[in-house]
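UniProt numbering applies: residue 1 is where the sequence shown begins, and numbers increase by one.
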Amino acid sequence: MIDSRHESKTKFLDAAMHVIRVKGYSATRIEDVCEEAGLTKGSFFHHFRSKEELALAAADHWSEVTGGVFASAPYRELPDPLDRVLAYVDFRKAILQGRTLCDFTCLVGTMVQEVYDTNPPIREACNKSISTHAATVEADIAEAMQKYGVDAEWTAQSLALYTQATLQGAFILAKAKGGPEIAVACIDHLHRYIEMLFTQSDSRRVLHDRSSTARRQDTF
């Protein structure tokens with residue numbers, strides 16, 4: 001039997017993820033979230049004391065939901081760590097296609113742009129979410145660097161965070177342009193850049209001889 005209290009809380013969290021990505025954190029009202037969830041304001045305050053408390057919980061919920069999506073994605077099964085990194089980038093591009101802006105933009109990226117200087121708790125929750133996700137990419141990058149003998153001035157952590165900076169910037173451009181096309185182009189550049197970093201290593205010259213189907217496998 002489903003716990004009705006847990007179910008209603010999840011509805012509020014799902015609603016917050018949608019409404020905040022559409023309106024932004026500042027413009028989102030508790031009434032908007034209640035309407036999207038199909039629940040009452042009284043029910044809202046049974047679970048959350050304020051909009052800020054909802055936002056903090058929504059950031060954690062976002063990490064949990066999206067973390068499950070990436071953990072179960074087909075690219076996770078690829079044996080080569082560099083293939084996993086490149087396929088992750090391709091997976092992010094595939095998520096953009098055929099969706100509206102609010103369906104592919106990042107909740108925590110949206111919130112932190114608004115409140116980074118005015119709400120430290122939300123800023124830290126967003127930082128935790130982005131950094132935790134980046135760490136999963138970092139692990140594959142580190143493994144790829146070790147496997148192919150890449151000795152560089154950059155680190156696995158810095159490249160993993162760069163992927164997130166590129167993605168967040170791509171989302172901003174998509175909002176400014178009113179569509180995903182520019183974001184897709186940015187992600188294609190990211191794919192080429194990562195590939196270039198590894199091809200610059202003498203031990204990774206074999207990339208030129210590898211099948212493009214192995215590197216660009218459809219993982220979505």
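Quick reminder that beta carbons are idealized off the backbone N, C-alpha and C, glycines included.
| As assigned by DSSP and simplified to three states, the class of Gly178 | coil
| How would you label Ser63, buried or exposed, when you count the other beta carbons within 10 angstroms and need 16 or more for buried? | buried
| task | Return the Cβ separation of Ile141 and Leu159 in integer angstroms, given the expectation that the two are a contact with Cβ distance under 8 Å. | result | 5 Å
| Which residues bound the alpha helix (DSSP H) around Gly42? | 41-47
| said: Below 8 Å on the Cβ atoms is my contact criterion, and I expect Phe198 with Ala135 to pass it. Report the Cβ-Cβ distance as a whole number of Å. | reply: At roughly 20 Å, the Cβ-Cβ gap does not stay under 8 Å, so Phe198 and Ala135 are not in contact.
| Ala98, enclosing alpha helix (DSSP H) - first and last residue | In the sequence under discussion, the amino acid at residue 98 is Gly, which differs from the Ala named in the question. Run containing Gly98: none; DSSP gives neither H nor E here.
| query | Of the choices Ser131, Ile30, Phe48, Ser72, whose alpha-carbon is the least far from that of His6? | reply | Phe48
| field | Limits of the unbroken alpha helix (DSSP H) element including Asp60 | value | 51-71
| query | Where does Ile180 land, buried or exposed, given buried means 16+ other C-beta within 10 angstroms? | reply | This sequence places Pro at residue 180; Ile is not what is there. Pro180 comes out buried.
| Ser139 to Gln146, Cα distance in whole Å? | What sits at residue 139 in the sequence shown is Ala, not Ser. Cα to Cα, Ala139 sits roughly 11 Å from Gln146.
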